[in-house]
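> Here the sequence shown stands for residues 5 to 282, numbered as in our numbering. The C-beta atom is built at its ideal place from N, Cα and C for all residues, glycine as well.
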Amino acid sequence: MRLDVVSIFPEYLAPLDLSLIGKARTEGLLELAVHDLRSYTQDRHRTVDDTPYGGGAGMVMKPEPWAQALEDIAGASVAAADGAAPGRKPILIVPSPAGEVFTQRLARELAEEDHLVFACGRYEGIDERVLEWAAGQYTVRPLSLGDYVLNGGEVAVLAMVEAIGRLIPGVVGNPESLVEESHSDGLLEYPVYTKPSSWRDREVPEVLLSGNHGKIAKFRREHQLRRTAARRPDLLDKLDVSNFSKTERNVLWDLGYAVVDGRAVRRPGEQPGEPSGE
């Protein structure tokens, strides 16, 4: 996979040289380039922003430096795309609080792509015409980490690149760890423990020491459901539970949910995540 990141603070992306993503780059699993947007300016001050039309606070990123940068990257992509699917556009990801929420499902989808380009906005954002114009060469995807505002897109890009990159085969050493972690199946991950088995008067649950894989799997699944109901009931609301076992359905009932048409529906008078006492 090829990744290009455009930013006025290229040094902000230095953490991508570290840990598993850095190792993946060294081993050739990821090809990643960071581009300084100011390199595509034409004035001696290397200006990338100007005042907004219509008034208002803050500054807006000028369109021409972005067009120059994105044209340069798209041209390089075409030159290197001998084995790519014909007519396939790179994905242009624009971190924005006004974008679609970035999720694990979306990370899996993007991990299947050949080429991702990240446009790190600053100030009040990028001139909207850039996104309209870029649609001729890219599939444009404005994405948001969540319902809050950051100073720029770089922090979001660091998170997205790690979430996407670790799903590429070979990046994470043990692929089984990807199957069991939070959001891999729509639920939060179960609690984990390590040695010693007794620590400050707190014991590891006995079932995890039993060696009985069936009981361990049941324990973990139950705690996935309980943790999700307590911390992220919105995930249960969206989950397809039509194939849940009787045991899993009993856990949902204990948590205040009934299974209706393949969905977990809160029973009247029950609070999510709290055992019903029945």
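Let me confirm a value: residue 273 is counted as buried when at least 16 other C-beta atoms fall within 10 Å, else exposed. Which label applies?
Working through the sequence shown from its first residue, we reach residue 273 at position 269. Counting Cβ neighbours within 10 Å, residue 273 comes out exposed, since fewer than 16 surround it.
> Using only the alpha-carbon positions, how far apart do residue 129 and residue 62 sit?
Within the sequence shown, the letter at position 125 stands for residue 129. Within the sequence shown, the letter at position 58 stands for residue 62. Straight-line Cα distance between these residues: approximately 9 Å.
> With a threshold of 8 Å on Cβ separation, who are the neighbours of residue 75 within its own chain once the five nearest residues in sequence on each side are excluded?
Taking the sequence shown and counting its residues from 1, the one referred to as residue 75 is at position 71. If we look at residue 75 and ignore the five residues flanking it on each side, its Cβ neighbours are 141.
> Apply the 10 Å Cβ neighbour rule to residue 8 and answer buried if 16 or more other Cβ atoms are within range, or exposed otherwise.
Taking the first residue of the sequence shown as 1, we reach residue 8 at position 4. Classification of residue 8: buried, given that the 10 Å Cβ count is 16 or more.
> Would you mind working out which of 30, 21, 127, 110 sits nearest residue 11, comparing C-alpha positions?
Here residue 11 refers to the residue found at position 7 of the sequence shown. The candidate whose alpha carbon is nearest that of residue 11 is 127.
> What residue does the alpha helix (DSSP H) around residue 136 start on, and which one ends it?
Start at 1 with the first residue of the sequence shown, and residue 136 comes out as number 132. Note, residue 136: alpha helix (DSSP H), 132-138.
> Can you say whether residue 30 is buried or exposed, counting buried as having 16 or more other CB atoms within 10 angstroms of its CB?
Sequence index remark: in the sequence shown, residue 30 carries index 26 (1-based). With fewer than 16 Cβ atoms within 10 Å of its Cβ, residue 30 is classed as exposed.
> Is residue 223 helix, strand or coil when you go by DSSP?
On the sequence shown, position 219 is the one that residue 223 refers to. Note: residue 223 maps to helix in three-state DSSP.
> Just to confirm, are residue 239 and residue 190 a CB contact at a threshold of 8 Å?
By 1-based counting over the sequence shown, the position of residue 239 is 235. By 1-based counting over the sequence shown, the position of residue 190 is 186. Against a cut-off of 8 Å, the Cβ pair of residue 190 and residue 239 comes out as a contact.
> Going by alpha carbons, who is nearest to residue 251 out of 242, 234, 237, 225?
Here the question's residue 251 lines up with position 247 in the sequence shown. Of the candidates 242, 234, 237, 225, the one whose C-alpha sits nearest the C-alpha of residue 251 is 225.
> What separation, rounded to the nearest whole angstrom, lies between the Cα atoms of residue 69 and residue 52?
By 1-based counting over the sequence shown, the position of residue 69 is 65. By 1-based counting over the sequence shown, the position of residue 52 is 48. C-alpha separation (whole angstroms): 7 Å.
> Return the residue from the list 143, 125, 166 that minimises the CA-CA distance to residue 154.
The residue labelled residue 154 in the question sits at position 150 within the sequence shown. Per the Cα distances, 125.
> Shortest alpha-carbon distance to residue 213 belongs to which of 204, 196, 229, 228?
Counting from one through the sequence shown, the residue named residue 213 turns up at place 209. The shortest C-alpha separation from residue 213 is found at 196.
> My guess is that residue 165 and residue 20 are in contact by the Cβ rule of under 8 Å, so how many angstroms apart are they, rounded?
Your numbering for residue 165 matches position 161 in the sequence shown. Your numbering for residue 20 matches position 16 in the sequence shown. About 6 Å; that satisfies the 8 Å criterion.
> Alpha carbon to alpha carbon, how far is residue 229 from residue 208? Give it in angstroms, no decimals.
Position 204 of the sequence shown holds residue 208. Position 225 of the sequence shown holds residue 229. The alpha-carbon atoms of residue 208 and residue 229 are separated by roughly 19 Å.
> Between the C-alpha atoms of residue 174 and residue 23, what's the straight-line distance to the nearest angstrom?
For the purposes of this step, residue 174 is identified with residue 170 of the sequence shown, where counting begins at 1. For the purposes of this step, residue 23 is identified with residue 19 of the sequence shown, where counting begins at 1. Straight-line Cα distance between these residues: approximately 14 Å.
> Nearest to residue 43 by CA position, among 73, 146, 102, 100, is which residue?
For the purposes of this step, residue 43 is taken as residue 39 along the sequence shown, with counting starting at 1. Residue 43 has its Cα closest to that of 73, out of 73, 146, 102, 100.
> If you reduce the DSSP assignment to three classes, tell me which class residue 97 lands in.
Within the sequence shown, residue 97 is the residue found at index 93, counting from 1. Note: residue 97 maps to strand in three-state DSSP.
> From which residue to which residue does the alpha helix (DSSP H) around residue 47 run?
By one-based count along the sequence shown, residue 47 stands at place 43. Unbroken run through residue 47: none, as it is neither H nor E.
> Pull the bridge partners of residue 53 from the DSSP assignment, please.
The residue you call residue 53 lines up with position 49 of the sequence shown. Answer is 65.
> Does residue 258 come out as helix, strand or coil in the three-state DSSP assignment?
Counted from its first residue, the sequence shown places residue 258 at position 254. Helix at residue 258.
> Alpha carbon to alpha carbon, what distance is there between residue 219 and residue 146?
The residue you call residue 146 lines up with position 142 of the sequence shown. The residue you call residue 219 lines up with position 215 of the sequence shown. About 44 Å.
> Look up residue 35 in the DSSP assignment and say whether it is helix, strand or coil.
Within the sequence shown, residue 35 is the residue found at index 31, counting from 1. Note: residue 35 maps to strand in three-state DSSP.
> Is residue 26 helix, strand or coil by DSSP?
Counted from its first residue, the sequence shown places residue 26 at position 22. DSSP places residue 26 in helix when its eight states are reduced to three.
> Throw me the rounded Cβ distance for the residue 78 and residue 94 pair, which I believe falls under 8 Å.
To locate residue 78, count along the sequence shown from 1; it is residue 74. To locate residue 94, count along the sequence shown from 1; it is residue 90. Confirmed, Cβ separation roughly 7 Å.
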